[in-house]
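From first to last, the protein sequence lines stand for chains P and F. For the first sequence, the working numbering assigns the number 1 to the initial residue and increments by one for each residue that follows. For the second sequence, the working numbering assigns the number 274 to the initial residue and increments by one for each residue that follows. Beta carbons: idealized from backbone N, C-alpha and C, even for Gly. Source: prediction; values computed, not measured.
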Amino acid sequence: MLELKTLESDETNLRLLVTGVDTPYINAIRRIVLTEVPCMAIDEVVIIENSSVLHDEIIAHRLGLIPIKTDLDGYNLPEECSCRSEFGCNLCRVTFTLDREAKDEPVTVYSGDLVSENPNIAPVSDKIPIVKLGRGQKLKLEAYARLGRGKNHAKWQPVSLSAHKHLPKIRIDAEKCNACGKCVETCPRKVLAKSKGKVEVVDLYACTMCRDCVDACPEEPSAIEVNWEKNAFIFILESTGALPPERIITEAVKILDRQLKEFTDQIAEVQKA
Amino acid sequence: MKIKVLKRTENELKIEVEGAGHTLCNLLQKKLLENENVDVAGYDIPHPLTSNPIIYVRTKSPLKPEDALLDAVERAKEMNKEFGEALKRLLQA
Chain P
1 MLELKTLESD ETNLRLLVTG VDTPYINAIR RIVLTEVPCM AIDEVVIIEN SSVLHDEIIA
61 HRLGLIPIKT DLDGYNLPEE CSCRSEFGCN LCRVTFTLDR EAKDEPVTVY SGDLVSENPN
121 IAPVSDKIPI VKLGRGQKLK LEAYARLGRG KNHAKWQPVS LSAHKHLPKI RIDAEKCNAC
181 GKCVETCPRK VLAKSKGKVE VVDLYACTMC RDCVDACPEE PSAIEVNWEK NAFIFILEST
241 GALPPERIIT EAVKILDRQL KEFTDQIAEV QKA
Chain F
274 MKIKVLKRTE NELKIEVEGA GHTLCNLLQK KLLENENVDV AGYDIPHPLT SNPIIYVRTK
334 SPLKPEDALL DAVERAKEMN KEFGEALKRL LQA
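Here it is as structure tokens:
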């Protein structure tokens with residue numbers, strides 16, 4: 001039976017306990033989140049004036065890596081857009097402008113200085129430095145953000161972390177254990193605790209299965225055993241802020257379904273031939 | 274996604290899947306091997322940058338390899354659907 005439980009959830013983080021799926025499936029979801037779920041990033045920059053110390057290319061690269069709040073429903077992927085234009089249209093491109101000049105004092109240009117044509121599509125943070133301008137230097141440019149996929153460039157990854165690990169299984173043999181507390185002291189993640197002359201698991205999800213506790217146990221064989229559940233996983237997702245983590249994982253499920261459907265259609269063609 | 278048939282006999286099928294990777298192939302391999310009438314199932318990506326994955330399936334007759342693949346995809350879809358529904362319930366709660 002497939003079951004999901006939220007372990008942690010806020011604006012950018014999501015930690016789920018997933019039971020009843022196998023490794024290839026949870027790995028497919030993890031990989032799709034990284035490579036297939038689209039998000040927006042600056043893709044093309046027209047530099048009008050750049051007298052800063054950084055080359056145009058470096059500024060363009062720095063702009064590309066700024067996470068941008070994405071509207072997946074309002075915009076199309078350039079290759080799927082009806083405009084069929086290399087340059088893009090209002091449905092597949094967002095224009096940003098930037099115009100800063102350092103007059104008497106040096107200034108730092110931040111991501112917050114980018115002015116978007118659509119107020120809903122803006123940098124996730126206003127405080128990402130782009131370049132420092134010395135006295136008399138100027139930076140003026142126009143940048144175009146597009147939807148893209150992580151498999152083409154890491155700037156289009158909606159997440160900074162997408163991972164899964166097995167759910168640990170810790171068994172303490174009550175007959176062998178004399179509650180010496182050596183395992184409690186050794187554990188780097190403070191998974192174990194001693195209470196009322198007994199060693200107990202207090203934070204199972206923090207366990208990394210390093211087995212230091214098994215080695216630390218003076219009993220031979222060890223009174224503590226660390227293993228993992230075969231079909232239970234902790235799925236960890238950390239969004240860059242481009243999309244809410246719930247939306248990212250929902251999209252991943254949709255994309256996997258689409259890919260499997262495509263595969264079925266192709267096999268049906270093979271059968272016909 | 275496009276499938277190119279490299280070898281096809283009564284109970285053997287070797288296909289090249291353009292535009293797929295470990296994501297899909299590893300999932301399908303697992304689902305194929307769950308079927309006890311599948312003799313051999315595996316995939317290979319000869320070169321990580323320049324080649325497409327090649328899936329190989331050999332079945333015990335009377336099961337046809339194409340049907341084994343369809344069955345595997347169907348089971349993967351079912352798991353995905355279950356996961357999607359569980360996720361929806363979780364997010365609504």
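In terms of residues, what are the limits of the alpha helix (DSSP H) holding residue i?
| i | result |
| --- | --- |
| phenylalanine 263 of chain P | 245-272 |
| asparagine 299 of chain F | 295-306 |
| aspartate 283 of chain P | Given a span of 1 to 273 for chain P in the structure shown, any question on residue 283 of chain P remains unanswerable. |
| threonine 284 of chain P | Limits of chain P in this structure are 1 at one end and 273 at the other, which puts residue 284 of chain P out of reach. |
| alanine 216 of chain P | 212-216 |
| cysteine 177 of chain P | Here cysteine 177 of chain P belongs to no alpha helix (DSSP H), and DSSP marks it neither H nor E. |
Can you tell me where the beta strand (DSSP E) with residue i in it begins and where it stops?
| i | result |
| --- | --- |
| aspartate 344 of chain F | Segment 338-365 is the alpha helix (DSSP H) holding aspartate 344 of chain F; no beta strand (DSSP E) there. |
| alanine 163 of chain P | 159-172 |
| lysine 198 of chain P | 198-201 |
| proline 129 of chain P | 129-133 |
| asparagine 227 of chain P | 224-239 |
| aspartate 40 of chain P | Checking the sequence shown, residue 40 of chain P turns out to be methionine, not aspartate. 39-50 is the span of the beta strand (DSSP E), which, as asked, contains methionine 40 of chain P. |
| lysine 280 of chain F | 275-281 |
| tyrosine 110 of chain P | 107-110 |
| leucine 289 of chain F | Correcting the residue identity first, residue 289 of chain F is glutamate in this sequence and not leucine. Run containing glutamate 289 of chain F: 285-291, per the beta strand (DSSP E) assignment. |
| leucine 7 of chain P | 3-9 |
| glutamate 142 of chain P | 138-148 |
| glycine 315 of chain F | 311-317 |
| arginine 84 of chain P | No beta strand (DSSP E) holds arginine 84 of chain P; DSSP gives it neither H nor E. |
Take the Cβ of residue i as the centre, count every other Cβ of all protein chains shown within 10 Å, and call the residue buried at 16 or more, exposed below.
| i | result |
| --- | --- |
| lysine 303 of chain F | buried |
| isoleucine 58 of chain P | exposed |
| lysine 155 of chain P | buried |
| leucine 147 of chain P | buried |
| aspartate 43 of chain P | buried |
| cysteine 207 of chain P | buried |
| serine 222 of chain P | buried |
| threonine 323 of chain F | exposed |
| cysteine 213 of chain P | buried |
| alanine 366 of chain F | exposed |
| isoleucine 224 of chain P | buried |
| threonine 35 of chain P | buried |
Measuring only between beta-carbons, confirm whether residue i sits less than 7 Å from chain P.
| i | result |
| --- | --- |
| glutamate 289 of chain F | no |
| glycine 357 of chain F | yes |
| isoleucine 276 of chain F | yes |
| alanine 345 of chain F | no |
| alanine 349 of chain F | yes |
| lysine 303 of chain F | yes |
| leucine 297 of chain F | yes |
| glutamate 339 of chain F | yes |
| leucine 306 of chain F | no |
Compute the Euclidean distance between the alpha carbons of residue i and residue j, then round it to the nearest angstrom.
| i | j | result |
| --- | --- | --- |
| aspartate 257 of chain P | leucine 204 of chain P | 33 Å |
| valine 37 of chain P | asparagine 50 of chain P | 34 Å |
| cysteine 210 of chain P | threonine 6 of chain P | 24 Å |
| histidine 55 of chain P | asparagine 27 of chain P | 40 Å |
| isoleucine 327 of chain F | leucine 161 of chain P | 29 Å |
| threonine 186 of chain P | histidine 166 of chain P | 21 Å |
| proline 168 of chain P | glutamate 220 of chain P | 22 Å |
| valine 159 of chain P | serine 239 of chain P | 4 Å |
| alanine 268 of chain P | alanine 359 of chain F | 30 Å |
| glutamate 80 of chain P | isoleucine 288 of chain F | 27 Å |
| arginine 15 of chain P | alanine 163 of chain P | 10 Å |
| arginine 362 of chain F | tryptophan 228 of chain P | 27 Å |
| threonine 70 of chain P | histidine 153 of chain P | 16 Å |
| lysine 354 of chain F | glutamine 271 of chain P | 25 Å |
| phenylalanine 356 of chain F | leucine 2 of chain P | 7 Å |
| valine 115 of chain P | alanine 122 of chain P | 8 Å |
| methionine 40 of chain P | proline 67 of chain P | 8 Å |
Does the beta carbon of residue i come closer than 7 Å to any beta carbon on chain F?
| i | result |
| --- | --- |
| phenylalanine 87 of chain P | no |
| valine 33 of chain P | no |
| glutamate 262 of chain P | yes |
| alanine 174 of chain P | no |
| proline 24 of chain P | yes |
| serine 137 of chain P | The displayed chain sequence assigns glutamine, not serine, to residue 137 of chain P. It does not; no Cβ of chain F falls within 7 Å. |
| glutamine 259 of chain P | yes |
| glutamine 271 of chain P | yes |
| leucine 237 of chain P | no |
| valine 253 of chain P | yes |
| alanine 154 of chain P | no |
Is there a Cβ from chain B that is less than 7 Å from the Cβ of residue i?
| i | result |
| --- | --- |
| isoleucine 267 of chain P | The structure shown has no chain B; the protein chains it does contain are P and F. |
Verify the contact flag: residue i, CB atom, against every heavy atom of the ligand NAP, threshold strictly below 6 Å.
| i | result |
| --- | --- |
| isoleucine 267 of chain P | For the ligand NAP, the structure offers nothing, since it holds no ligand at all. |
For the 8 Å Cβ check, are there 3 or more pairs between the segment 311-322 of chain F and the segment 237-250 of chain P? no
Pairing CB atoms from the segment 97-105 of chain P with CB atoms from the segment 138-152 of chain P, are three or more of them under 8 Å? Yes: at least three Cβ pairs fall under 8 Å.
Stretch pair the segment 293-302 of chain F + the segment 18-33 of chain P: three plus CB contacts closer than 8 Å: yes
Can at least three beta-carbon pairs, one atom from the segment 338-353 of chain F and one from the segment 228-236 of chain P, be found at a separation below 8 Å? no
Flag this pair as touching only if the segment 173-183 of chain P and the segment 192-203 of chain P have three or more C-beta atom pairs under 8 Å; answer yes or no. yes
Within the chosen definition, does the segment 100-112 of chain P reach the segment 121-136 of chain P through at least 3 CB pairs nearer than 8 Å? yes
Assess, as a yes-or-no matter, whether the segment 61-68 of chain P is touched by the segment 9-27 of chain P under the definition of 3 or more beta carbon pairs within less than 8 Å. no
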